[in-house]
Amino acid sequence: MSHAHSHIGSGSRTTRRAFEFGKTHVVRPKGKHQATIVWLHGLGDNGLSSSQLLESLPLPNIKWICPTAPTRPVAILGGFPCTAWFDVGELSEDGPDDWEGLDASAAHIANLLSTEPADVKVGIGGFSMGAAISLYSATCYAMGRYGNGIPYPINLRAVVGLSGWLPGSRSLGNKIEVSHEARRRAASIPILLCHGISDDVVHCKYGEKSAQTLSSAGFRHIAFKSYEGLGHYTVPREMDEVSTWLNSRLGLEGFLS
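Heads up, the sequence shown is in the working numbering, so the first residue is 3 and it goes up one at a time.
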């Protein structure tokens, strides 16, 4: 399970890139397996550190899958290679989106969830760039397809984004408005967004704007929480909020409050 290749082309055979994902770490449920959540690390991190954070949460009925992003040159770091779910040049409304990288990572995550039992609820969460991919996956779920048009196969039940932003936000509303089915799915999925007010890496305004964009595109169950004094990292009270929210949204038994 350590290496997987996602081949997602842009329609042209010459531009297709193969992304080699790193090691996947799994935290098994300590109780009855009721939900599986793929949790995505931030830029330059790996799945192991995610698994160590999640192991301590009071959620015995969740299985956590913590993949590691491919190592690739990243424009915002001047082309320096590190683990990244997609390439990013600047955090702004006008920055170009790496659709190929976004789709490849979203497909890799969907593939990790595709073998879960039918009675297990599935979700996606993440930090920073991992949060961005989580929100992108939510939009793919709503539209029923990836950005490249390939059908999206997973019935997502919850999405969490910490200190992140929404890629592809400019055109989201138009894509969802055209389909009754897309509007129905967008209205059905709960999303929790948390952000530190003192975040100087991904400014809190990007998290707020992402929540507004999702809400106006028809995502009705958006919770946005901001934290005084919190920078670009997670703290126990934020993870407590995540645990409580997941427990209530997924209807889990055995929550250890």
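Ideal placement from N, C-alpha and C gives every residue a C-beta, glycine not left out. In this text the structure is predicted, and so the values were computed from the model without any measurement.
Shortest alpha-carbon distance to residue i belongs to which of the options?
| i | options | result |
| --- | --- | --- |
| L168 | S212, S51 and W41 | S212 |
| Y148 | I111, G231 and V161 | I111 |
| G231 | R222, T246 and H205 | H205 |
| Y208 | S250, A144, L50 and A133 | A133 |
| S217 | S245, S181 and T141 | T141 |
| H182 | G220, E57, T38 and T85 | G220 |
| V40 | D89, Q214, L104 and V161 | V161 |
| H35 | A144, R222, A225 and A120 | A120 |
| T236 | G128, P155 and R251 | G128 |
| H197 | L59, K227 and S116 | K227 |
| L45 | L56, P69 and V28 | P69 |
| L174 | L137, E210 and S190 | L137 |
What does DSSP give as the partner residue(s) for residue i in the beta ladder?
| i | result |
| --- | --- |
| W101 | DSSP, once it has assigned bridges, lists no residue as partnering W101. |
| T142 | Checking the sequence shown, residue 142 turns out to be Cys, not Thr. Its beta-bridge partners do not exist; DSSP assigns none. |
| T85 | T73 |
| A37 | I64 and K123 |
| V28 | I67 |
Quick one: residues in its chain with C-beta nearer than 8 Å to the C-beta of residue i, no 5 flanking neighbours on either side, listed in chain order?
| i | result |
| --- | --- |
| F82 | P75 and V76 |
| P153 | G146 and R147 |
| V244 | L59, G127, V162, L164, L194 and C196 |
| S171 | E95, K211, S212 and T215 |
DSSP on residue i, reduced to helix/strand/coil?
| i | result |
| --- | --- |
| A1 | Here the chain comprises residues numbered 3 to 259, so residue 1 is not present and cannot be evaluated. |
| G132 | helix |
| P238 | helix |
| A106 | helix |
| A6 | Confidence in A6 is poor, its pLDDT being 42 and thus under 50, which makes the residue's placement too unreliable to answer from. |
| L42 | strand |
Leaving out the 5 sequence neighbours to the left and right, which residues in its chain are closer than 6 Å to residue i when beta-carbon positions are compared?
| i | result |
| --- | --- |
| G13 | With a pLDDT of 38 at G13, under the threshold of 50, the modelled position of that residue is not reliable, and the figure given next carries that caveat. If we look at G13 and ignore the five residues flanking it on each side, it has no Cβ neighbours. |
| I67 | V28, V40 and L114 |
| L50 | H27 |
Tell me which same chain residues have a C-beta within less than 7 Å of the C-beta of residue i, skipping the five on either side of it?
| i | result |
| --- | --- |
| H5 | Legend: pLDDT at H5 = 40, less than 50; position of this residue unreliable, no value from coordinates given. |
| P31 | P62, N63, I64 and K65 |
| G91 | A77, I78, G97 and P98 |
In chain order, which continuous runs of the alpha helix (DSSP H) of length 4 or greater are located wholly inside the region 153-214? 174-179 and 182-190
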